[in-house]
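Take a look at the structure set out below.
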Amino acid sequence: MTVQDAPLLADIDVRSRMAGSNKMEILLFSLGTREIFGINVFKVREVSQTPEITKSPNMPFGVQGVISLRGNIIPIISLAKFIGAAQAETRTYNSMIVTEFNRSTQALLVDSVDRIIRVDWEKMRAPENVVSSSGGNQAMIIAITELEDGKLVSILDVEQILSSVVGESRMPDIPQADLAPDQFVFFVDDSVVARKEITSVLDKMRVKYHQATNGREAWDKLQSFANRQPAGQSRLADTLKLILVDAEMPELDGFVLTRNIKSDPRFAGIPVVMHSSISSNANRAMGASVGVDAYVAKFEPALLAETLLPYLQR
2 MTVQDAPLLA
12 DIDVRSRMAG
22 SNKMEILLFS
32 LGTREIFGIN
42 VFKVREVSQT
52 PEITKSPNMP
62 FGVQGVISLR
72 GNIIPIISLA
82 KFIGAAQAET
92 RTYNSMIVTE
102 FNRSTQALLV
112 DSVDRIIRVD
122 WEKMRAPENV
132 VSSSGGNQAM
142 IIAITELEDG
152 KLVSILDVEQ
162 ILSSVVGESR
172 MPDIPQADLA
182 PDQFVFFVDD
192 SVVARKEITS
202 VLDKMRVKYH
212 QATNGREAWD
222 KLQSFANRQP
232 AGQSRLADTL
242 KLILVDAEMP
252 ELDGFVLTRN
262 IKSDPRFAGI
272 PVVMHSSISS
282 NANRAMGASV
292 GVDAYVAKFE
302 PALLAETLLP
312 YLQR
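Numbering (the working numbering), first residue to last: 2 to 315.
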């Protein structure tokens with residue numbers, strides 16, 4: 002199957018308009034095990050048969066080699082190796098999913114691609130206490146959802162997989178923010194890799210912070226901050242200087258979370274910055290429509306600091 006002979010991935014930017022409705026679309030695929038896997042359609046550029054792979058020595062773990070795709074050389078990654086599938090070394094994977102996020106393009110080897118399903122973010126849950134039927138690596142699974150027939154779908158943490166392939170980037174020089182001792186930033190992201198980088202940037206900036214791992218937890222914590230604010234005294238904006246939100250999150254996505262924040266007068270004057278691995282024009286437009294003050298790509302620590310600093314210093 003290719004992207005040309007099916008409407009499977011047609012007009013992904015149009016699909017992203019539903020982000021504000023707290024829904025996502027997942028491309029289902031198999032790695033040759035009993036388990037069903039999924040990836041957010043926003044990250045997918047196309048699906049096709051696997052072309053000839055050029056192998057090179059000293060490739061990072063999980064990288065099978067490189068392929069030429071319309072004049073560009075991109076790495077091709079074995080997802081089966083990352084989940085620890087038993088047959089990963091010997092099985093031939095004839096399909097690939099070409100993904101584009103974090104300003105990079107890569108192909109993911111899969112056994113077969115099934116279909117796209119639409120799921121409420123609130124029906125996505127963390128993978129704790131869920132046993133993998135393939136005995137694979139649960140650390141590479143970011144969320145679990147359930148199909149109508151009761152089968153579970155494991156959503157792979159492709160950001161963590163890519164980070165494992167390319168390694169951690171060197172932290173650049175980061176400017177310090179001159180905040181008062183009682184001032185802080187709040188951020189939310191469901192990706193372990195993203196949270197680690199955000200905390201590194203904020204630590205370099207010498208900014209205090211609180212954090213959450215999904216949209217529902219974030220909204221609960223933000224309401225708790227607002228409820229503790231003494232009535233008739235200083236505004237919450239005097240201490241909570243900025244809120245940094247991920248776009249894709251279980252239970253409550255960043256668009257709905259931002260809309261909640263912007264519609265609550267207790268958060269008046271607090272800027273919301275959206276931090277996402279998906280930088281399509283449609284995603285940026287959706288962010289603007291719900292009141293996002295700025296939009297910054299993930300895994301660009303210098304750019305993140307540069308984006309946050311003016312809001313922290315005003």
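All residues carry an ideal CB built from backbone N, CA and C; glycine is no exception.
Computed from a prediction, not measured in an experiment: that's the story for all the values here.
By the three-class DSSP mapping on this structure, what secondary structure does V167 have?
Residue numbering aside, residue 167 sits at position 166 when the sequence shown is read from its first letter. Helix, per DSSP.
C-beta contact flag for G66 and S57 at 8 Å
On the sequence shown, position 65 is the one that residue 66 refers to. On the sequence shown, position 56 is the one that residue 57 refers to. Yes, the Cβ-Cβ distance between G66 and S57 is below 8 Å.
With a threshold of 8 Å, are at least 3 pairs of Cβ atoms found where one atom belongs to the stretch 215 to 227 and the other to the stretch 244 to 260?
yes
If you reduce the DSSP assignment to three classes, tell me which class V291 lands in.
Your numbering for residue 291 matches position 290 in the sequence shown. V291: coil per DSSP, three-state reduction.
Quick one: grab the DSSP three-state call for T34.
Against the sequence shown, residue 34 aligns to sequence position 33. Looking at T34 - three-state DSSP - the assignment turns out to be coil, as it is neither helix nor strand.
Straight-line Cα distance separating I68 from I77:
In the sequence shown, the residue the question calls residue 77 occupies position 76. In the sequence shown, the residue the question calls residue 68 occupies position 67. Those two C-alpha atoms are separated by around 7 Å.
Check whether the stretch 108 to 117 touches the stretch 21 to 34, taking contact to mean three or more Cβ pairs, one atom from each stretch, closer than 8 Å.
Contact between the stretch 108 to 117 and the stretch 21 to 34 is present: 3 or more CB-CB pairs across the two stretches fall below 8 Å.
Specify the secondary structure class of N41 as computed by DSSP and reduced to three states.
As a position in the sequence shown, residue 41 is number 40, starting the count at 1. Per DSSP, reduced to three states, the secondary structure at N41 is strand.
Using the C-alpha atoms, what's the distance from E36 back to L316?
The structure shown does not extend to residue 316, since the chain is modelled only from 2 through 315, so no value can be given for it.
N73: buried (16+ other C-beta within 10 angstroms of its C-beta) or exposed?
Taking the sequence shown and counting its residues from 1, the one referred to as residue 73 is at position 72. N73 should be labelled exposed.
Measuring alpha carbon to alpha carbon, tell me which of V291, D112 and A144 ends up nearest A127.
Translated into positions along the sequence shown, residue 127 becomes position 126. For A127, the nearest C-alpha among the options comes from A144.
Buried or exposed: where does G39 fall if 16 or more other Cβ atoms within 10 Å of its Cβ makes it buried?
To locate residue 39, count along the sequence shown from 1; it is residue 38. Counting Cβ neighbours within 10 Å, G39 comes out buried, since at least 16 surround it.
Output yes or no for whether 8 Å exceeds the beta carbon distance between M141 and L163.
As a position in the sequence shown, residue 141 is number 140, starting the count at 1. As a position in the sequence shown, residue 163 is number 162, starting the count at 1. The answer is no: Cβ separation not under 8 Å.
Give the DSSP-derived three-state secondary structure of S225 in the structure shown.
Your numbering for residue 225 matches position 224 in the sequence shown. Note: S225 maps to helix in three-state DSSP.
Would F102 pass as an interface residue toward chain B - the criterion being a Cβ-Cβ separation below 8 Å?
Any reference to chain B falls outside this structure, which holds one protein chain only.
Exposed unless 16 or more other CB atoms sit within 10 angstroms - verdict on S264:
Start at 1 with the first residue of the sequence shown, and residue 264 comes out as number 263. S264 is exposed by the Cβ-count criterion.
Please name the residue in R46, V42 and L304 whose C-alpha comes closest to that of P176.
For the purposes of this step, residue 176 is taken as residue 175 along the sequence shown, with counting starting at 1. Distance from the Cα of P176 is smallest, within the candidate group R46, V42 and L304, for L304.
Are the stretch 237 to 246 and the stretch 183 to 202 touching by the rule of at least three beta carbon pairs closer than 8 Å?
Flag = yes, the stretch 237 to 246 and the stretch 183 to 202 touch.
Going by DSSP in three states, Y94 sits in which element: helix, strand or coil?
Residue mapping note: residue 94 aligns to position 93 of the sequence shown, counting from 1. In this structure, Y94 counts as coil in the three-state DSSP scheme.
Less than 8 Å between the beta carbons of S79 and A89, yes or no?
As a working note, residue 79 is residue 78 in the sequence shown. As a working note, residue 89 is residue 88 in the sequence shown. Taking 8 Å as the Cβ cut-off, S79 and A89 qualify as a contacting pair.
Among K82, L313 and T214, whose alpha-carbon lies nearest the alpha-carbon of T91?
As a working mapping, residue 91 is identified with position 90 in the sequence shown. Of the candidates K82, L313 and T214, the one whose C-alpha sits nearest the C-alpha of T91 is K82.
Where are the beta strand (DSSP E) runs, 3 residues long or more, that stay fully inside the stretch 171 to 227, in chain order?
185 to 189 and 209 to 213
Whose C-beta lies closer than 7 Å to the C-beta of D121 among residues of the same chain, with five residues either side of it excluded?
Counted from its first residue, the sequence shown places residue 121 at position 120. Excluding five sequence positions before and after D121, the CB atoms of its chain that fall closer than 7 Å to its own CB belong to N23 and K24, given in chain order.
Just list the residues that DSSP pairs Y296 with in beta bridges.
As a working note, residue 296 is residue 295 in the sequence shown. Under DSSP, Y296 takes part in a beta bridge, and its partners are M275.
Use the C-beta contact count for G288: other C-beta atoms within 10 angstroms, 16 or more gives buried, fewer gives exposed.
On the sequence shown, position 287 is the one that residue 288 refers to. With 16 or more Cβ atoms within 10 Å of its Cβ, G288 is classed as buried.
Which value, in whole angstroms, describes the spacing of the CA atoms of Y210 and G292?
The residue labelled residue 210 in the question sits at position 209 within the sequence shown. The residue labelled residue 292 in the question sits at position 291 within the sequence shown. Answer to the nearest angstrom: the Cα atoms are 22 Å apart.
Going by DSSP, name the residue or residues bridged to L109.
Here residue 109 refers to the residue found at position 108 when the sequence shown is read from its first residue. Looking at the DSSP assignment, L109 forms a beta bridge with I78 and I98.
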